[in-house]
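Novice:
Number of protein chains: 2
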Amino acid sequence: MIVSCYLNGQTLPTGKHTIAINDLGLMRGYAIFDFCRTANGKPFLLPQYLSRFRNSARLMDLDLAYSDEQITSAVYELLEMSKLPFAGIRFLLTGGYTEDSFTPTRPNFMITIEELSQVSAEVAENGVKLMSYEYQREMAEVKTTNYTVALRLRKRVQEQNAYDILYHSNGNVLELTRSNFFIVKDNTVVTAATDILQGITRQTVLHLAKAQYKVEVREVKFSELAQADEAFFTGTNKKIVPVVKVDDLQIGNGKAGKVTKNLYQAFLEYEKTY
Amino acid sequence: MIVSCYLNGQTLPTGKHTIAINDLGLMRGYAIFDFCRTANGKPFLLPQYLSRFRNSARLMDLDLAYSDEQITSAVYELLEMSKLPFAGIRFLLTGGYTEDSFTPTRPNFMITIEELSQVSAEVAENGVKLMSYEYQREMAEVKTTNYTVALRLRKRVQEQNAYDILYHSNGNVLELTRSNFFIVKDNTVVTAATDILQGITRQTVLHLAKAQYKVEVREVKFSELAQADEAFFTGTNKKIVPVVKVDDLQIGNGKAGKVTKNLYQAFLEYEKTY
């Protein structure tokens, strides 16, 4: 639930979290966003998220008229107002209010603070099943608001008792709907290099993995899943979650792997000292 | 500009055309729409547009809880309120207000009446240039709100003095950003069969063309453009517009073609008697 919100430089009073319906984000999907969260009551890795947000804006030709300092200060103000011990922080930038339903105007920029639930201990410990689906996100390096494929397939995911979707294209494993995907083989940690969103948690995990393991960032073939010892995915809120099954294929011994668990502990440690 | 609006069964007072920011159309692009217009002061081909809208809803797994009768009656009420002699009518259906930024709830259904400007006489008579771009719309048969590619490229279109973009993929010509594309060769009217939005104006024009010409609905190779005698596009508001150039390639003799003009006259006649 959204508990506080900032729109174009102004904090909105509670209950007024609305936008005019001629916003191009709503009418034409012309919008980018980013999403981070707090750790120890403070925004976690905020500069990295803002940098990616700014990059998405540039690639979508949307003008972000606020500096990192202005945005950071607004985030702290909203967090203070929200009084949430653990919060999600969302940035949204749209093509603005259009007069003719197509031509962009001055972008609308929004920050929202949201209640956030953590991944259950059961999921974090025992891992999940994914459903594979042939798809590559449009402009995969840009964090657009286009999640139509994921949302359209939500019932199929449930029917298959899957936790999320694993996208693949041309024989390569890419990413989940909102997470990056990794495999582990012979103590080497492997993840896709391109045609994915460059996750901030992915970057952190790659950094932590390099201290202990061999790391490969490259094309990952779908066929490698059958030989993998372990698999996991990373995300802002989900941190690191073991993957024990993709469709009907068991990964490794079907349990959360040793490397995955080690990286999860290293991540929690890193977060604690941030 | 939006002059009147209906949201979930209620007419909104002027100045209150807003939606809460946790709508999934805004947050996740999970929305479909359709767009028709008036002719002779009445909704033109409304049942056809509603049928396509309902089909998009079904394919996107969005529940449209209103009957054609309810929607039609609301359209007439809004048109009456708007007092516009010539109006656009937009239907929008979104994944509803989400509590966790991802899970759909009861869809939001909106109808808006908008001021609409007609294509200039110069464009209708002399035709336009298109800029080609390699792209195929995701779920092309569904009228989603995803126009990110079109909006991101708007400056490039302007720089090239083009009127719009012609999408092509795997060597096949598909459609424009919001219009269907046709070529004419030896008095045969040709248009793409699949991987496009099935335009209502396209259907009408195909029907009218069959009375006078041979018609082919099939794969259209990009390479056929160089041999075409004429080209044109069709759209709800733009009706029929001649295409005289694609990038640097002149189509036919570089002027609006005879078949295009004939079909345009036939279309105006059909509209007048609707």
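Top to bottom, those sequences are chains A and B.
Each step along the first sequence adds one to the number in the working numbering, with nothing skipped, and position 181 is 237.
Each step along the second sequence adds one to the number in the working numbering, with nothing skipped, and position 158 is 214.
Idealized CB from N, CA, C, for every residue including glycine.
All values reported here derive from a predicted model rather than from experimental measurement.
What residue from B/D304, B/Y326, B/F288 and B/T67 has the CA that sits closest to B/E181's CA?
Specialist: Here residue 181 of chain B refers to the residue found at position 125 when the second sequence is read from its first residue. Considering only alpha carbons, the answer is B/F288.
Novice: Quick check on A/N309: buried or exposed, where buried means 16 or more other Cβ atoms within 10 Å of its Cβ?
Specialist: Taking the first residue of the first sequence as position 1, residue 309 of chain A is located at position 253. Flag for A/N309 reads exposed.
Novice: How long is the line joining the alpha carbons of B/H224 and B/L120, rounded to whole angstroms?
Specialist: One-based indexing of the second sequence puts residue 224 of chain B at position 168. One-based indexing of the second sequence puts residue 120 of chain B at position 64. Approximately 32 Å between the Cα atoms of the pair.
Novice: May I ask you to report which of helix, strand or coil DSSP gives A/I127?
Specialist: For the purposes of this step, residue 127 of chain A is taken as residue 71 along the first sequence, with counting starting at 1. In the structure shown, A/I127 sits in a helix (DSSP, three-state: H, G or I).
Novice: Residue range of the beta strand (DSSP E) that A/K72 falls in?
Specialist: Taking the first sequence and counting its residues from 1, the one referred to as residue 72 of chain A is at position 16. That residue, A/K72, is in no beta strand (DSSP E); it is neither H nor E in DSSP.
Novice: Here's the rule I'm using: 16 or more other beta-carbon atoms within 10 Å means buried, otherwise exposed. How should A/V300 be labelled?
Specialist: To locate residue 300 of chain A, count along the first sequence from 1; it is residue 244. Per the 10 Å Cβ criterion, buried.
Novice: Assuming B/L319 contacts B/V302 (C-beta within less than 8 Å), just tell me the rounded distance between them.
Specialist: Against the second sequence, residue 319 of chain B aligns to sequence position 263. Against the second sequence, residue 302 of chain B aligns to sequence position 246. About 19 Å; that fails the 8 Å criterion.
Novice: When you compare only the Cα positions, how much space is there between A/I145 and B/F100?
Specialist: Position 89 of the first sequence, counted from the first residue, corresponds to residue 145 of chain A. Position 44 of the second sequence, counted from the first residue, corresponds to residue 100 of chain B. For A/I145 and B/F100, the distance between alpha carbons rounds to 45 Å.
Novice: As an exercise, report each continuous alpha helix (DSSP H) stretch of at least 4 residues that is fully enclosed by the stretch 178-250 of chain A, in chain order.
Specialist: Listed in chain order, the complete alpha helix (DSSP H) runs (minimum 4 residues) inside the stretch 178-250 of chain A are 204-208 and 210-215.
Novice: Check each candidate in A/S107, A/P298 and A/M83 and name the one with the smallest Cα separation from A/K254.
Specialist: By 1-based counting over the first sequence, the position of residue 254 of chain A is 198. According to the sequence displayed, residue 254 of chain A carries Gln and not Lys. Per the Cα distances, A/S107.
Novice: Is B/D90 near B/N164, with beta carbons less than 7 Å apart?
Specialist: As a working note, residue 90 of chain B is residue 34 in the second sequence. As a working note, residue 164 of chain B is residue 108 in the second sequence. Cβ distance not < 7 Å, so B/D90 and B/N164 don't count as in contact.
Novice: Would you call the stretch 207-220 of chain B and the stretch 180-198 of chain B in contact, with 3 or more CB pairs under 8 Å?
Specialist: Yes: at least three Cβ pairs fall under 8 Å.
Novice: List, in chain order, every chain A residue whose beta-carbon is nearer than 7 Å to that of B/N86.
Specialist: Taking the second sequence and counting its residues from 1, the one referred to as residue 86 of chain B is at position 30. The amino acid at residue 86 of chain B is misidentified as Asn; the sequence shows Tyr. Near B/Y86 (Cβ distances below 7 Å), the residues of chain A are Y203, T204 and L207.
Novice: Which residues in the same chain have their Cβ closer than 8 Å to the Cβ of B/M57, if we skip the five residues on either side of it in sequence?
Specialist: If you number the second sequence from 1, residue 57 of chain B lands on position 1. Hits under 8 Å: E170 and E171.
Novice: Below 8 Å between beta carbons is the criterion; list the residues of the stretch 65-80 of chain B that meet it against any residue of chain A, in chain order.
Specialist: Answer set for the stretch 65-80 of chain B: H73, T74, I75, A76, I77, N78, D79 and L80.
Novice: Does any CB atom of chain A fall closer than 7 Å to the CB of B/D169?
Specialist: Taking the second sequence and counting its residues from 1, the one referred to as residue 169 of chain B is at position 113. According to the sequence as given, residue 169 of chain B is Ile; it is not Asp. It does not: the Cβ of B/I169 has no partner Cβ on chain A nearer than 7 Å.
Novice: Checking 7 Å against the spacing of the C-beta atoms, do B/F237 and B/V245 come in under that value?
Specialist: Locating residue 237 of chain B in the second sequence gives position 181, where the first residue counts as 1. Locating residue 245 of chain B in the second sequence gives position 189, where the first residue counts as 1. No, Cβ-Cβ distance for B/F237 and B/V245 is not below 7 Å.
Novice: Just to confirm, are A/A130 and A/I77 a CB contact at a threshold of 7 Å?
Specialist: Taking the first residue of the first sequence as position 1, residue 130 of chain A is located at position 74. Taking the first residue of the first sequence as position 1, residue 77 of chain A is located at position 21. For A/A130 and A/I77, no; Cβs fall outside 7 Å.
Novice: Three Cβ pairs or more, each shorter than 8 Å: is that satisfied between the stretch 151-159 of chain B and the stretch 189-209 of chain B?
Specialist: No: the two stretches stay apart, fewer than three of their Cβ pairs being nearer than 8 Å.
Novice: Over the uninterrupted alpha helix (DSSP H) stretch that includes A/K139, give me the two end residues.
Specialist: Counting from one through the first sequence, the residue named residue 139 of chain A turns up at place 83. Neither: A/K139 is in no alpha helix (DSSP H) and is coded neither H nor E.
Novice: Measuring CB to CB, does B/R208 end up less than 7 Å from A/D304?
Specialist: Sequence index remark: in the second sequence, residue 208 of chain B carries index 152 (1-based). Sequence index remark: in the first sequence, residue 304 of chain A carries index 248 (1-based). For B/R208 and A/D304, no; Cβs fall outside 7 Å.
Novice: Taking all protein chains shown into account, do 16 or more other C-beta atoms lie within 10 angstroms of the C-beta of B/A248, making it buried, or fewer, making it exposed?
Specialist: Taking the second sequence and counting its residues from 1, the one referred to as residue 248 of chain B is at position 192. When all chains shown are included, B/A248 counts as buried.
Novice: In angstroms with no decimal places, state the Cα-to-Cα distance between B/L148 and B/I88.
Specialist: For this step, residue 148 of chain B is matched to residue 92 along the second sequence. For this step, residue 88 of chain B is matched to residue 32 along the second sequence. Taking the straight line joining both Cα atoms gives about 6 Å.
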